[in-house]
Amino acid sequence: MNPLFRLLGLSRAIILYVDPTGYERGRVLETCAARHFHVVEVFSPPFASRFSGEVEGVLAAPAAGEECTWAETLTGRRGRIVAVCCGSDDGLATAERLAAALTPRCSNGINVARRDKYLMHEALRAAGLRAAQQRVVSRWEEEGEPFVRELLAAPLERGVVCKPRRGQASIRVSLADSVATAGRQCRALLAAPVALLRGDDEAGSPSVLLQEELRGREWVVDSVSRDGEHKVVALWRYSKASLNGAPFVNLCDELRPANDADDEALMEYARRVLDALGVRWGPAHLEIKRPASGPVLVEANVGRWNGVDFKLLADACLGYNAYEATLDAFTDRRRWEALPATPPPALGGAGRHAEELAELPSLVRFETEATDPGDRVKRTVDLDTCAGLAVLLHADAAQVEADYARLRALQPTLFEVESVETGDGVA
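Residue numbers for the sequence shown follow full-length UniProt numbering, so the first one is 1 and each next one is one higher.
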């Protein structure tokens with residue numbers, strides 16, 4: 001008998017939280033405490049090597065095959081594990097393995113295609129869904145160059161995206177509009193690969209993913225699933241631009257209602273993506289382009305919440321948030337059934353996340369990564385180099401729009417910079 005089964009019926013419900021860091025940790029602990037759940041914090045192998053000294057009381061995840069013995073020793077007579085959640089891209093494979101072993105009735109099983117961007121799009125294609133044209137490249141001349149030449153010769157104005165096959169936060173994602181540029185980008189990434197295929201995912205030889213540039217405005221569908229029923233808990237519209245030598249710098253995330261046929265088509269496509277990836281339980285964060293021809297996935301982050309601090313805006317504009325919805329999915333059928341299947345046609349206010357500061361009527365929170373004179377800041381090229389966060393929230397959408405425009409105009413003077421380095425940043 002599975003040793004964990006002997007824990008059933010014990011009094012306290014336990015949430016395993018893999019890789020707790022940053023503001024998200026506070027939101028998760030706060031939400032679980034309000035619902036009287038006990039949280040056991042666990043580090044995946046990659047996080048254990050980097051952050052073990054920063055968060056006290058965090059345990060190392062057990063090795064494969066040792067999950068049930070570890071859980072029995074951990075919980076004793078204190079409770080039963082009801083869900084496994086994750087706070088990092090590095091830890092998704094570990095969280096997936098723990099859920100499959102310890103909460104098999106409410107897990108998604110193990111599927112590398114939920115993390116490998118190439119396998120992800122191939123899974124969509126196999127399910128009959130629109131997916132990006134792509135090629136995995138380990139040698140530029142033999143594999144990459146023929147694909148890029150064919151793609152750029154097509155009668156469409158589009159470029160080629162060069163990215164890590166298993167990366168995060170848009171780190172080292174580049175865009176090329178010529179064979180020569182694509183070759184330089186591909187060779188550079190092959191020479192110094194970025195990969196999260198560590199710990200529970202096996203790393204192969206260095207490779208790069210080349211994909212067609214997907215046109216259209218980028219949107220986000222945040223979802224939570226319970227036993228195969230997918231509910232959209234938030235829609236976000238991205239504003240991105242080419243800045244500081246990077247092609248896809250995020251300027252703001254705008255919380256949006258679901259109020260037309262295009263929104264419904266977007267959400268239905270997202271549900272079908274979740275089905276194609278075998279998602280039945282828990283949160284997901286899907287980034288999707290919306291060209292005139294219909295939605296197409298950029299990437300899906302399965303098992304993770306949105307990377308921005310969304311709780312304030314979601315609570316104010318929607319009346320619920322993805323953290324609470326996740327607990328509902330795993331532990332409370334009645335609350336889950338009362339949760340709307342989609343966002344409302346009109347929000348309770350207007351809200352945006354933006355990455356810089358101004359004194360504005362709709363500004364409700366401001367945080368910077370650099371807090372003291374002399375702190376080092378980098379030019380923003382991806383989510384890892386975001387300099388700060390401004391949250392705009394107001395009952396009047398026009399006020400939010402005006403404040404956002406003013407903030408963007410002030411952006412070049414928000415930091416007083418004393419000296420510029422010649423490397424990858426500014427000091």
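A virtual CB, placed ideally from N, CA and C, is assigned to each residue, including glycine.
Nothing here was measured: the structure is a model prediction, and the numbers come from that model.
Query, Result
"Cβ distance (whole Å) where Tyr238 is taken to contact Asp253 below 8 Å", "6 Å"
"Nearest-angstrom beta carbon gap, Leu347 and Leu255 [assumed within contact, 8 Å]", "7 Å"
"Exposed unless 16 or more other CB atoms sit within 10 angstroms - verdict on His36", "exposed"
"Chain-order list of residues whose beta-carbon lies under 8 Å from that of Tyr323 (same chain, five-residue window excluded)", "Arg27, Val28, Thr31, Trp305 and Lys311"
"CA nearest to the CA of Leu318, picked from Ala234, Val391 and Ala276", "Ala234"
"Length of the line joining the Cα atoms of Arg215 and Val161", "11 Å"
"Closest residue to Pro20 among Phe366, Val42, Arg406 and Ala33 (Cα-Cα distance)", "Val42"
"Ala182 burial status per 10 Å Cβ neighbour count (16 or more: buried)", "buried"
"Identity of the residue in Gln133, Leu274 and Gly159 nearest Ala180 by Cα", "Gly159"
"Any 3 or more C-beta pairs closer than 8 Å across the stretch 75-84 and the stretch 102-118", "yes"
"C-alpha distance - Leu357 paired with Thr75, whole-angstrom precision", "The predicted model places Leu357 with a pLDDT of 49, which falls under 50 and marks its position as unreliable, so this point remains unresolved."
"Those residues which DSSP pairs with Val136 across a bridge", "Leu209"
"Beta-ladder partner(s) of Phe366, from DSSP", "Ala390"
"Leu339 vs Lys231 beta-carbon contact at 8 Å", "yes"
"Terminal residues of the alpha helix (DSSP H) in which Leu327 lies", "Ala322 to Thr331"
"Reference Trp281; option with closest CA among Pro295, Glu145 and Ser225", "Ser225"
"Where Glu67 falls, given that 16 or more other Cβ within 10 Å makes a residue buried", "buried"
"Three-state secondary structure assigned by DSSP to Leu119", "helix"
"C-alpha gap between Lys163 and Asn301, whole angstroms", "16 Å"
"Gly282, enclosing beta strand (DSSP E) - first and last residue", "Gly282 to Arg290"
"Rounded straight-line distance, which links the Cα of Thr331 to that of Tyr342", "Rather than Tyr, the amino acid found at residue 342 in this sequence is Thr. Straight-line Cα distance between these residues: approximately 20 Å."
"Counterpart residues of Lys311 in DSSP-defined beta bridges", "Bridge partners of Lys311: none, in fact."
"Where Thr73 falls, given that 16 or more other Cβ within 10 Å makes a residue buried", "exposed"
"Selected residue, minimal CA-CA separation from Ala316, among Ser207, Leu16 and Ala395", "Ala395"
"Beta-carbon proximity check, Val207 vs Val137, cutoff 8 Å", "In the sequence as displayed, the identity of residue 207 is Ser instead of Val. Going by C-beta atoms, Ser207 is nearer than 8 Å to Val137."
"First and last residue of the uninterrupted alpha helix (DSSP H) at Arg187", "Val179 to Ala191"
"Cβ shell of Tyr23 (< 8 Å), same chain only, five flanking positions each side left out", "Asp309"
"Status (buried if at least 16 other CB within 10 Å, exposed otherwise) for Thr69", "exposed"
"Straight-line gap, Asp222 to Leu274 (C-alpha atoms, nearest Å)", "11 Å"
"Check whether Asp90 and Ser44 have beta carbons under 8 Å apart", "yes"
"Sequence-distant residues of its chain with Cβ nearer than 7 Å to Arg115 (five each side left out)", "Leu92, Ala93, Arg166 and Asp201"
"Where the beta strand (DSSP E) containing Arg217 begins and where it ends", "Arg217 to Arg226"
"N-terminal and C-terminal residue of the alpha helix (DSSP H) that Cys68 is part of", "Glu67 to Thr75"
"Pairwise C-alpha distance: Pro146 and Ala13", "55 Å"
"DSSP three-state assignment for Trp236, whether helix, strand or coil", "strand"
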